[in-house]
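What follows is a single structure, written as structure tokens, with notes after it.
Residue numbers (our numbering), protein chains in the order written: chain A, 53 to 212; chain B, 53 to 212.
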């Protein structure tokens, strides 16, 4: 059984986004066991300096990494990552399933950014866009894209 | 007064996305008069041929263009367009406002794609990603990105 884990650092205030997550989790459950986990964002003052941010990111990074086992395939959303198209992304997941990977863990950092600890542990850094989106919106994008990938993999029509 | 028009070809079934649109329209109203318009998608059978699709796209394109006046600055979301970052996008809008443009019209095609009629009329073709997203989700992305652009332009902190 394929496991699909989505880990977001931080809280999601907009309930419409949570409704969207639930919708895609429901649809994705056809292809595997799906979980969505929230990791607490570190609390910082209003204008933290660079050192304070890096420290917070590493603390968040450690909390994320503590949840991830060695055999998990970690795909992290990173604006500096690689931008591939939906068909390539689907082939890429399919190839890794064929190679025997069974747990795919998708990580979205906090609004402060991403710890290098997470980057180093990641098997793939995925960029959606040069544009910056909020992290809760990025979670909706990755859920939609993973769902699309499984539809493509299974030669199913994608619902409009 | 800046006018921001968003035109989507097709219907949006997911009510959570509509809630998201309303949220960004409300926030954007601080910076201009915002409208969201839906143009009917052409009805096609389940497996239309290429000619039928092109014909439908052109019919949709004409309906969109009938709504657009000559002095509007048209930015169309197109996977084959240019991917710029959020700061560049903000500068780009600001430059056009400084040049005297007052109506910005953002167009998102239907699930069949985009008519060349719209491409030709567009002042700018904007790509978010190599990845394909649903058109209703693309509308949420452009709303978020235009909102972000105005926050950057006005040196305001972006809400997490």
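Just so it is clear, CB atoms sit at the ideal spot from N, CA and C, and this is done for glycine as well.
Since the model is a prediction, treat every value here as computed from it, not as a measurement.
Where residue i sits in the DSSP three-state scheme
i: residue 88 of chain A; result: strand
i: residue 134 of chain B; result: strand
i: residue 113 of chain A; result: helix
i: residue 82 of chain A; result: coil
i: residue 186 of chain A; result: coil
i: residue 153 of chain A; result: coil
i: residue 180 of chain B; result: coil
i: residue 70 of chain B; result: helix
i: residue 206 of chain B; result: coil
i: residue 119 of chain A; result: coil
i: residue 143 of chain A; result: helix
i: residue 97 of chain A; result: coil
Supposed contact pair residue j and residue i - C-beta distance, whole angstroms, cut 8 Å
i: residue 128 of chain B; j: residue 193 of chain B; result: With a Cβ gap of about 14 Å, residue 128 of chain B and residue 193 of chain B do not count as contacting.
i: residue 158 of chain A; j: residue 58 of chain A; result: 5 Å
i: residue 80 of chain B; j: residue 198 of chain B; result: 6 Å
i: residue 179 of chain A; j: residue 115 of chain A; result: That belief does not hold up - the Cβ atoms of residue 179 of chain A and residue 115 of chain A are roughly 23 Å apart, past 8 Å.
Residues bridged to residue i [DSSP beta-bridge criterion]
i: residue 160 of chain A; result: A/60 and A/129
i: residue 55 of chain A; result: A/85 and A/155
i: residue 165 of chain A; result: A/162
Cut-off 8 Å between Cβ atoms - residues of its own chain near residue i, not counting five sequence neighbours on either side
i: residue 74 of chain A; result: none
i: residue 53 of chain B; result: 84, 85 and 154
i: residue 184 of chain A; result: 131
i: residue 209 of chain A; result: 203
i: residue 105 of chain A; result: 96, 164 and 165
Proximity below 8 Å, CB of residue i to CB of residue j
i: residue 202 of chain B; j: residue 125 of chain B; result: no
i: residue 90 of chain A; j: residue 60 of chain A; result: yes
i: residue 137 of chain A; j: residue 182 of chain B; result: yes
i: residue 103 of chain A; j: residue 167 of chain A; result: no
i: residue 69 of chain B; j: residue 113 of chain B; result: no
i: residue 163 of chain B; j: residue 205 of chain B; result: no
i: residue 160 of chain A; j: residue 191 of chain A; result: yes
i: residue 93 of chain B; j: residue 65 of chain B; result: no
Own chain residues within Cβ distance below 7 Å of residue i, not counting five before or after
i: residue 148 of chain A; result: 125
i: residue 76 of chain A; result: 195, 196 and 199
i: residue 122 of chain B; result: none
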